[in-house]
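Counting from 1, position 524 in the sequence shown corresponds to residue 582 in my numbering; the numbering is continuous, with no gaps. Backbone N, C-alpha and C define an ideal beta-carbon position, used for all residues, glycine too. Computed from a prediction, not measured in an experiment: that's the story for all the values here.
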Amino acid sequence: MSRDSLWPSLKQAACGLALLAAALPVLARESASFGIDKGWTFRLLPGNAQVAKHAEAAIARAAKVPGTVHTDLLAHGLIPDPYVGAPEAALQWIGLADWEYQTRFDAPSTALTSARSDLVFEGLDTFAEVYLNGEKVLTADNAFRSWRVPVQARLRAKGNALRIVLRSPIVSLLPQVQAMPHKLAGNYPSPHGDEPADAMTGNFARKPGYHYGWDWGPRYVTAGLWKPIVLQSWNAVRIADLQLRQDHVQAARADVVAILSAEVERDGQFDLRLWQTEPGGRRSLAAERRVAMSAGEQRIELPIHIDRPQRWFPNGYGAQPLYRYELEVSDGKNVVAKTTARTGLRSVELRREPDGKGRSFHFVVNGIPVFAKGANSIPFDMFQPRVTKAQLRRVLQSARDANMNMLRSWGGGYYESEEFFDLADELGLLVWQDFMFGGGMQPAYDDAFRANVIEEARQQVRRLRNHPSLVLWCGNNEQEVAWKYWGQGKALKEADPVFADKVWQGYVQLFGTELRQLVAEEGGGIAYWASSPSDDGGDVANTPASGDMHYWEVWGNPAHPVTKYLEITPRFMSEYGLQAWPVQRTIDAFAKRSEQGLATPVIVAHQKFMAGKGNERLKKYVKDEFGEPRDFADFAYLSQVMQAEGIQLAALHHRASRPFTMGSLYWQLNDVWPGASWSGIDWFCRWKALQFHARRFYAPVAVAALRDAEGKTSVSLLNDRTQARRGELRLRLMTLDGKTLRDERRPVELAPLSATKLAHYTDAELAGVADPASTVAVFDLQVEGEPASRGVVYFRAAKDMSWRDARLQAELSRDGQGFKLLLKATRLVRALWVDFGDLDAEVSDNALTLLPGERISLRLSSQSGLEALRKSLRLRSLAD
């Protein structure tokens, strides 16, 4: 079977999703909603310059809506799979082309007889011209906005023709960008020649920035009808929104205001009934009111009081009960409009308290100061419409399983779906939400551009504000620091100081004033933060003293060793990371074994850092700790070990620095495609070593044993529980073959919500005269009711340790519905990786340290048989 034919089944098996997602369901908010998702065709727009070379794409073929041009082309075999091999350069013509989508539909009788009928376009990517029955009814220019067009006078009973032309964002914007005497800084110049490197268009388009390429994903400047298209009809009232504003939430009482925003077609008396369904299923009438409403836009408040509410907590701090509300609007005889909304009741604030060094930065939920543990999330695919809820659930459940409680939804992608936020609500994952600005600078000095952004922001804030998981709106990603410190502002000031001032003042107006005001008015009490990293518009950004930090001097420039993490103690670390390749099975899905090597074309195509030269940086970090890898398979394995151990060092340092530091979000959680990246979970939803380590270093109760570059080890006890914990800490100094040189036990008490610094050692104090190449210090924390936590201190780099064959033993047997794997070794095993080759098999734990004589039992789930699993079982460690 070829890789191309194997691709969809591989992805489905790993993530539980088909190649193309089904259309998103339409919420019934009006009297009648009719989805226009059938009968669509697409083609290259006749007369477009790309037709000459791609005539086969100019033939009208069936299209999937919601969808994208790339996935439609792929479905018809007109392009190779964009993820397999190295087809990226040859597919750039797609982003330079104009595309036409068409369908015909019969109007339902309600649409013809109702007082109002609107065509609603929930997502057009991006520069779109919409024609209904030959008449142009809409020109759209923002993929993040929905668009509503009244069409009641334009509909026919039969055969309505809907035609949408999608213009190339590059071709549309390039003339005005090239005409600028001084250009605005962009993000990643195209390596493929589809636009000039000195005239990047991406920052001028309200379109997902990552489509233009990033250092973890390809450049596929797609287009499409990426969200549903719906015909909505009504006679009396259309409910535009139901906000559940939480004014006061405490253990004894919650005061909530349900706010109806409606579009009223005619004056009249209406009855409002608001039903509440509690988390346990009890349904009751929460509020009712008879109101007179006039034609036009109406806003009506319904207060709700809940005694002893079941409050919503982040993961690790309590349960996630959710209340459901149903609002009915009737005219005295019939229900003319209805909608539903769901929320969790909690209080939340971003607390900034001044102290002698600056100001704190931490989130307080229901009165509890929460140490934020998690990662940054990026888009889940290059082509969003094929992301399914099954994939989202798999990744977000993995985040919860790794003891995470926060995700930062990064600003270079798209605003995540209702499914994403529903899952975050259910799993207790707090969401830091960026507005969609991923870097560089935008033309915020332009009034029309800012007005477009503000309408986009208003729609998104209203859409997401009922979710209890949403705790912060952030203006942009890295634009402030890029302007102030990366040379962008300086270069423009030197070239054209008047224009530079205009650019910066536009930035301040949009991110410092207008978005802040919008969130204050519409966000329901959620905090706003101007940029990440920043001090919310202060003079100095990206400082440990105040605000949030991104730290890339490890991995990035100047590529410090990972121990440098221990020298940086921020208030809140919102980005830091190390790269790694995914597991071998994922690499095999896009590259044949003969195509795998550090500098082979396919591997270089899937390594986006440093324009394909990222393996040089990755090899530096691998060699510094582990030495020269034998082959590419070893390189990929060692990259994961390096990534996991390095991020563990940083995350535990952040946690041990509580309460000065109150957040650690590494880059990144997930992937947009299979390749080298900073993720802990690859595109197939397979865990890298980092994700297994994260479950341990983010455990609510843990020990942090951290050795710095000077040979000094600090030991801290970490407790995120709201109650004190008692337990035992054991220190053992042992040789790699199991000889115990030191064994000490002491009772310990861990205060609630704390990090307790317990001890500091020099190498001489900890190891004495023992051979550092064959000796380790092991710290084991045992606390009743909590998983055991272990920290192992090595006194030499792994490449300088005296590794020998550990005589590792593995016994696989059936255990109920699954399997059990018993592991034992006579010598210490570091970075043990359990793998089953091409078989689907999930192990309960991996990336393990196994002490001499220690037995570990792992659970294994797989549809494969016992003998097949035994034959496929592979164990890899540093001793190999």
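Could you name the residues of the same chain whose beta carbon sits closer than 6 angstroms to that of Ile287, not counting the 5 residues immediately before and after it, in chain order? Excluding sequence neighbours, Ile287 sits near Ile94, Phe179.
Could you give the residue range of the beta strand (DSSP E) that holds Gln290? Segment 287-292, the beta strand (DSSP E) holding Gln290.
Going straight from the alpha carbon of Val519 to that of Gly533, what length do you get? Distance between Val519 and Gly533, taken at the CA atoms: about 12 angstroms.
Within this structure, are the beta carbons of Gly876 and Ser930 separated by less than 7 angstroms? no
Which same chain residues end up closer than 7 angstroms to Arg713 when comparing Cβ atoms and leaving out the 5 residues on each side of it in sequence? If we look at Arg713 and ignore the five residues flanking it on each side, its Cβ neighbours are Phe429, Ser722, Ala762, Leu776, Ala813.
Name the DSSP beta bridge partners of Gln840, please? Glu786
One question on the structure: do Trp98 and Ala118 come within less than 7 angstroms of each other, judged by their Cβ atoms? no
Just the Cα atoms here: how many angstroms apart are Glu653 and Phe569? 46 angstroms
How long is the line joining the alpha carbons of Asn200 and Leu182, rounded to whole angstroms? When rounded, the distance between both Cα atoms is 7 angstroms.
Taking Cβ positions, are Leu811 and Ser435 nearer each other than 7 angstroms? no
Using 8 angstroms as the cut-off, can you tell me whether the segment 823-830 makes contact with the segment 851-871, which would need three or more C-beta pairs spanning the two stretches below that distance? yes
Quick check on the burial criterion: 16 or more other C-beta atoms within 10 angstroms. Buried or exposed for Asp954? The displayed coordinates of the chain run from 59 to 938. Any statement about residue 954 would go beyond what the structure contains.
Excluding the 5 residues preceding and the 5 following Gly10 in the sequence, name in chain order all residues of the same chain whose CB lies nearer than 7 angstroms to its CB. No answer is possible for residue 10: the residues shown for the chain start at 59 and end at 938.
Using the beta-carbon count (16 or more within 10 Å), is Trp628 buried or exposed? In the sequence as presented, Trp is not what sits at residue 628; that position holds Pro. Buried, by the Cβ-count rule.
What residue from Glu114, Pro910, Ala107, Gly486 has the CA that sits closest to Phe100's CA? Glu114
Alpha carbon to alpha carbon, what distance is there between Phe495 and Ala502? Our two residues, Ala502 and Phe495, have alpha carbons roughly 11 angstroms apart in a direct line.
State the beta-bridge partners of Glu384 as determined by DSSP. DSSP, once it has assigned bridges, lists Trp333, Thr398 as partnering Glu384.
Taking the beta carbon of Glu925 as the centre, do at least 16 other beta carbons fall within 10 Å, making it buried, or is it exposed? By the beta-carbon neighbour count (other beta carbons within 10 angstroms, threshold 16), Glu925 is exposed.
Tell me which residue opens and which closes the beta strand (DSSP E) that Ser230 is part of. That residue, Ser230, is in no beta strand (DSSP E); its alpha helix (DSSP H) goes 227-236.
Buried versus exposed, by CB contacts within 10 Å (16 or more), Arg87: Residue confidence for Arg87 is low, a pLDDT of 35 falling below 50, so the modelled location carries little weight; the figure read from the coordinates is stated next. Buried.
How is Met464 classed by DSSP in three states: helix, strand or coil? Correct three-state label for Met464: strand.
Among Val887, Ser902, Phe853, which residue has its Cα nearest to the Cα of Tyr819? Each of Val887, Ser902, Phe853 was checked against the Cα of Tyr819, and the nearest Cα belongs to Phe853.
With a threshold of 16 other CB atoms inside 10 Å of the CB of Thr719, please say whether the residue is buried or exposed. Buried, since its Cβ has 16 or more Cβ neighbours within 10 Å.
Could you spell out where the beta strand (DSSP E) holding Ile364 opens and where it closes? In the DSSP assignment, Ile364 falls within the beta strand (DSSP E) that extends over 354-365.
Closest to Gly605 by C-alpha separation, out of Phe693, Phe419, Gln378, Pro659, would be which residue? Phe419
Rounded Cβ spacing between Asn524 and Gln356 (contact assumed at less than 8 angstroms): 19 angstroms between Cβ atoms; not a contact.
Run of the alpha helix (DSSP H) containing Ser342, from where it starts to where it stops: No alpha helix (DSSP H) contains Ser342, which is instead part of the beta strand (DSSP E) from 341-351.
Take Glu844 and list the residues in its own chain whose beta-carbon comes closer than 6 angstroms to its own, dropping the five residues that flank it on each side. Val759
What residue range does the alpha helix (DSSP H) around Gly635 cover? Taken as a continuous stretch (DSSP letters only), Gly635 belongs to no alpha helix (DSSP H), as it is neither H nor E.
Which residues does DSSP pair with Ser91 in a beta bridge? Gln290
Counting only the same chain and skipping the five closest in sequence on each side, list residues whose C-beta sits under 6 angstroms from that of Arg221. The residues are Gln160, Tyr189.
Is Arg753 near the ligand ADP, in the sense that its beta carbon is under 6 angstroms from a heavy atom of that ligand? Among the components of this structure there are no ligands whatsoever, and the ligand ADP is therefore not found.
Can the beta-carbon of Arg335 be found less than 7 angstroms from the beta-carbon of Pro526? Strictly speaking, residue 335 in this sequence is Thr, with Arg absent from that position. Result no, Cβ atoms of Thr335 and Pro526 do not sit closer than 7 angstroms.
Please list, in chain order, all residues of the same chain as Ala169 whose beta carbon is under 8 angstroms from its beta carbon, the five residues on each side excluded. Ala90, Phe92, Ser175, Gln210, Leu213, Leu289, Ser291
Who are the Cβ neighbours of Gly275 in its own chain at under 7 angstroms, not counting the five residues just before and after it? Tyr268, Met440, Lys666, Val730, Trp731
Beta-carbon proximity of Ala186 to Ala198, cut-off 7 angstroms: Less than 7 angstroms divides the Cβ of Ala186 from the Cβ of Ala198.
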